[in-house]
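Asker: Heads up: the sequence lines are chains R and E, in that order. Count the first sequence with the numbering used here and you get residues 1 to 251, in order. Count the second sequence with the numbering used here and you get residues 1001 to 1227, in order. Quick reminder that beta carbons are idealized off the backbone N, C-alpha and C, glycines included.
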Amino acid sequence: MSGNMKITLKVWRQRNTKTNGQLVTYQLNDISPDMSFLEMFDVLNEQLITKGEDPVAFDHDCREGICGMCSMFINGRPHGPKSKVTTCQLHMRSFKDGDTIVVEPWRAAAFPVIKDLTVDRTAFDRIIAKGGYISVNTGNAQDANNLPIPKPDADKSFEAAACIGCGACVATCKNSSAMLFVSAKISQLALLPQGQVERVARAKNMVAQMDAEGFGNCTNTGACEIECPKGISLENIARMNREFYVANLKE
Amino acid sequence: MSNTSKNFLQSSIGKKLVMGLTGLFLISFLLVHCFLNSFIFFNDGGLMFNIGATFMAKNWIIRAMEIVLFIGLIWHMVQALILTMENSKARPVKYAVNNASANTKWYSRSMGVLGSLLLLFLVVHLANFWVKSRFTGLPGEDANGNENLYAVMQETFHIGWIIAVYLGGCIALAYHLLHGFPSAFQTLGWNHPKYNRLILITGTLFSVIIPLIFAAMPVSMYFGWVN
């Protein structure tokens, strides 16, 4: 794939968690407007490897916007300038020929840089392990009509469940707060009958783990909702607040 | 699942609730303060205003609420300071480029700065009126025999730089409220498509109207519209 765009990239290079990093400038001359942002990085890395340099480490997996692996803080916004897309769904036609693009990793104490643009997001996994599930003995498949669920509840639950855990909410929040992520994970279960049994402990434990991981405090600026590639609503944070208050009143 | 959570007031959501509730309490104070001070607009040489001021000074419930008010104010400030320090620790390395204006309002990001400006204003404001009314004494009585706080107002609001400080305080208050009012309801968990518009419109009107009325007081005295 070749093209006609010239791009100046300023990429954060950092050897490992312990060392300090800095922005390094690269010139790219053959960028197609139809490339995805990650494919543009593939081109850069091929050039670096050919020259015998260390390629830029960045996270990616499905490259179709559903896995939540790709990150990158592009020109001051997570997943770049478009709304409701992940970095793999961002195309070079969103930029102009001759543009300078600054690419940084997610920045949060709870997301330490592993190398270059990859950060350690296992803090999210530890929060999920504290209650982002339901304990159930799986036997034979039940009759689907055993558990009637109102359509609006099912819709709201599914909207919350669309969260792919990419961490854009933390990255863009001026406080590095993880409340949009945690609230989506609490909400998707709180809205369904299957989530009721562990509802109280879930709210308390997941919030406690979120606090223990060193995420900041939410100040309701609303940046997370706007930058979320899946459009997770602030309504979920309000629901998490309610869940947490009720949970604390119950015990 | 076992319960591993800590003290409610030490949790992130508990601290957020403290900010929201103390904020709403301070908003309720603003309403009372604004209503009583508007008595100057009777333009009767301050007779009505001094009746209100004397009632507030003599009533023991109001005296007790004054203590609660200071506790609420200090709690709001101390909690904000703690949250600000924690939040700054949550991002040790800052972004080289951060296009924050793409997804947030400047005043939503500047609550700490706006609050600090309000604190500076409060120092001047309390020195102007509260200290004189409670401690150093007021200059005589009006025609009704009430303590003449109105005379202090007239005197204070004929000094140019004080007018500037009060107008600055009103602007800081307006933007602080513009974020704080709806934010408090979100924190309480009151986010519902049916009521969000109502909260936002009420909050915006409150944030504009109350500071405007407050600003009208020094301005109208300075220009002699109220005397």
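1) According to the Cβ coordinates, are residue 943 of chain E and residue 1024 of chain E closer than 7 Å?
2) Would you please state the rounded distance, in angstroms, between the beta carbons of residue 12 of chain R and residue 105 of chain R? I believe it to be under 8 Å.
3) Can you have a look at residue 155 of chain R and say buried or exposed, based on whether 16 or more other CB atoms are within 10 angstroms of its CB?
4) If we count the other Cβ atoms within 10 Å of its Cβ and call it buried at 16 or more, is residue 1215 of chain E buried or exposed?
5) So the beta strand (DSSP E) residue 30 of chain R belongs to, where does it begin and stop?
6) Curious, which full-length alpha helix (DSSP H) runs of at least 4 residues does the region 132-195 of chain R contain?
7) Is there at least one Cβ from chain E nearer than 7 Å to residue 167 of chain R's Cβ?
8) Tell me which residues share the same chain as residue 1200 of chain E and place their Cβ nearer than 6 Å to its Cβ, disregarding the 5 neighbours each side in the sequence.
9) In this structure, how does DSSP classify residue 1016 of chain E when only helix, strand and coil are distinguished?
10) Beta-carbon separation of residue 171 of chain R and residue 229 of chain R under 7 Å?
11) To which residues of the same chain is residue 1056 of chain E closer than 6 Å at the C-beta, ignoring the five residues directly before and after it?
12) Use the C-beta contact count for residue 1193 of chain E: other C-beta atoms within 10 angstroms, 16 or more gives buried, fewer gives exposed.
13) Give the secondary structure of residue 1068 of chain E by DSSP, where H, G and I count as helix, E and B as strand, and everything else as coil.
14) Let me see if you follow: with CB-CB separation under 7 Å, is residue 107 of chain R close to chain E or not?
15) Please list, in chain order, all residues of the same chain as residue 1124 of chain E whose beta carbon is under 6 Å from its beta carbon, the five residues on each side excluded.
16) Got a sec? Which residues, its chain only, sit under 6 Å from residue 109 of chain R by beta carbon, not counting five neighbours each side?
17) Using a Cβ-Cβ cut-off of less than 7 Å, list which residues of the region 53-84 of chain R approach chain E; keep chain order.
18) Name the two residues that bound the continuous beta strand (DSSP E) containing residue 102 of chain R.
19) What does residue 36 of chain R pair with, by DSSP beta-bridge criteria?
20) Under 8 Å, with one C-beta from each stretch per pair, do the region 228-242 of chain R and the region 72-90 of chain R reach the 3-pair mark?
21) Run down chain E in chain order and give the residues with a C-beta less than 8 Å from the C-beta of residue 157 of chain R.
22) DSSP three-state label for residue 74 of chain R, please.
23) Residues of the region 1201-1218 of chain E with a CB closer than 8 Å to any CB of chain R: list them in chain order, please.
24) Measuring straight from C-alpha to C-alpha, what distance separates residue 1017 of chain E and residue 176 of chain R?
25) When DSSP labels each residue in this structure, what does residue 85 of chain R get in the three-state scheme?
26) Do three or more CB pairs link the region 202-211 of chain R to the region 180-190 of chain R at distances below 8 Å?
27) Are the C-beta of residue 1197 of chain E and some C-beta of chain R separated by less than 7 Å?
28) Is residue 1020 of chain E close to chain R, meaning its C-beta is less than 7 Å from at least one C-beta of that chain?
29) At the level of alpha carbons, what is the spacing between residue 96 of chain R and residue 5 of chain R?
30) Taking residue 41 of chain R as the reference, which of R:149, R:70, R:133 has the closest Cα?
Answerer: Result, derived from the coordinates:
1) No answer is possible for residue 943 of chain E: the residues shown for chain E start at 1001 and end at 1227.
2) In the first sequence, the residue the question calls residue 12 of chain R occupies position 12. In the first sequence, the residue the question calls residue 105 of chain R occupies position 105. Yes, residue 12 of chain R and residue 105 of chain R are in contact; Cβ-Cβ is about 6 Å, under 8 Å.
3) As a first step, residue 155 of chain R must be located in the first sequence, where it is residue number 155. Exposed is the call here.
4) Reading the second sequence from its first residue, position 215 is the one you call residue 1215 of chain E. Around the beta carbon of residue 1215 of chain E, 16 or more other beta carbons lie within 10 angstroms, which makes this residue buried.
5) As a working mapping, residue 30 of chain R is identified with position 30 in the first sequence. Segment 22-31, the beta strand (DSSP E) holding residue 30 of chain R.
6) For the region 132-195 of chain R, the continuous alpha helix (DSSP H) assignments of 4+ residues that do not extend past its boundaries occur at 151-161, 168-172, 179-190, in sequence order.
7) Locating residue 167 of chain R in the first sequence gives position 167, counting from the first residue. No, residue 167 of chain R lies away from the interface with chain E (no Cβ there is under 7 Å from its Cβ).
8) Within the second sequence, residue 1200 of chain E is the residue found at index 200, counting from 1. So the list reads 1182, once near-sequence residues are dropped.
9) Residue numbering aside, residue 1016 of chain E sits at position 16 when the second sequence is read from its first letter. Three-state DSSP puts residue 1016 of chain E in a helix.
10) Taking the first sequence and counting its residues from 1, the one referred to as residue 171 of chain R is at position 171. Taking the first sequence and counting its residues from 1, the one referred to as residue 229 of chain R is at position 229. Not a contact, by the Cβ cut-off of 7 Å.
11) For the purposes of this step, residue 1056 of chain E is identified with residue 56 of the second sequence, where counting begins at 1. Non-local C-beta neighbours of residue 1056 of chain E in its own chain, meaning closer than 6 Å and more than five positions away in sequence, comprise 1062, ordered along the chain.
12) Here residue 1193 of chain E corresponds to residue number 193 of the second sequence, with the count starting at 1. Exposed: under 16 other Cβ atoms inside 10 Å.
13) Here the question's residue 1068 of chain E lines up with position 68 in the second sequence. Residue 1068 of chain E falls in the helix class under three-state DSSP.
14) Locating residue 107 of chain R in the first sequence gives position 107, counting from the first residue. At least one chain E Cβ lies under 7 Å of residue 107 of chain R.
15) In the second sequence, counting from the first residue as 1, residue 1124 of chain E sits at position 124. Hits under 6 Å: 1165.
16) Along the first sequence, read from residue 1 onward, the residue named residue 109 of chain R stands at position 109. Hits under 6 Å: 214.
17) 73, 75, 76, 77
18) Counting from 1 along the first sequence, the entry for residue 102 of chain R is found at position 102. From DSSP, the beta strand (DSSP E) with residue 102 of chain R extends over 100-104.
19) For the purposes of this step, residue 36 of chain R is identified with residue 36 of the first sequence, where counting begins at 1. DSSP output for residue 36 of chain R lists R:91 as bridge partner(s).
20) Touching, yes.
21) In the first sequence, residue 157 of chain R corresponds to position 157, counting from 1. Chain E residues near residue 157 of chain R: none, gap ~16 Å exceeds 8 Å.
22) Your numbering for residue 74 of chain R matches position 74 in the first sequence. It is a strand residue.
23) none
24) Looking up residue 1017 of chain E in the second sequence gives position 17. Looking up residue 176 of chain R in the first sequence gives position 176. Each residue's Cα considered, the two are about 19 Å apart.
25) On the first sequence, position 85 is the one that residue 85 of chain R refers to. If DSSP states are grouped into helix, strand and coil, residue 85 of chain R belongs with coil.
26) yes
27) By one-based count along the second sequence, residue 1197 of chain E stands at place 197. Residue 1197 of chain E does not count as touching chain R.
28) If you number the second sequence from 1, residue 1020 of chain E lands on position 20. Output row for residue 1020 of chain E: interface = no.
29) Within the first sequence, the letter at position 96 stands for residue 96 of chain R. Within the first sequence, the letter at position 5 stands for residue 5 of chain R. Spanning the two alpha carbons is a distance of roughly 8 Å.
30) As a first step, residue 41 of chain R must be located in the first sequence, where it is residue number 41. Ranked by how close their Cα comes to the Cα of residue 41 of chain R, the residues R:149, R:70, R:133 have R:70 in first place.
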